[in-house]
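Position 61 of the sequence shown, counting from 1, maps to 200 under this note's numbering, and the rest follow consecutively.
For every residue, glycine included, the Cβ atom is placed at its ideal position computed from N, Cα and C.
All values derive from a computational prediction rather than experimental measurement.
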Amino acid sequence: MALAITDALTRHDVIVWAEDPSKGQQTFAPFLPYLDWVEMTQAGGEEMIDALSQVITARAD
């Protein structure tokens, strides 16, 4: 997973969101300064998923 995140962070046309309510800090600590949106709670992850369709539409237009 670290390789995939690192690769995505080198792209200019990509935003990176991360959600891990179980081990968020443990999983994402090295990447936190570079991620666009991080959620470490179940409720926050659900908000992120709800926002995803709006972001996809906005980026497609």
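Boundaries around A143 are those of the alpha helix (DSSP H), 141-148, since no beta strand (DSSP E) includes it. Residue state for V155 is assigned as coil, using DSSP reduced to three classes. Counting C-beta pairs with one atom in each stretch, the region 192-199 and the region 167-183 have fewer than three that are closer than 8 Å, which means they do not touch. If you look at A182, you'll find it in the alpha helix (DSSP H) that goes 181-199. Beta-carbon to beta-carbon, M140 and E158 are separated by about 13 Å, too far to satisfy the 8 Å threshold.
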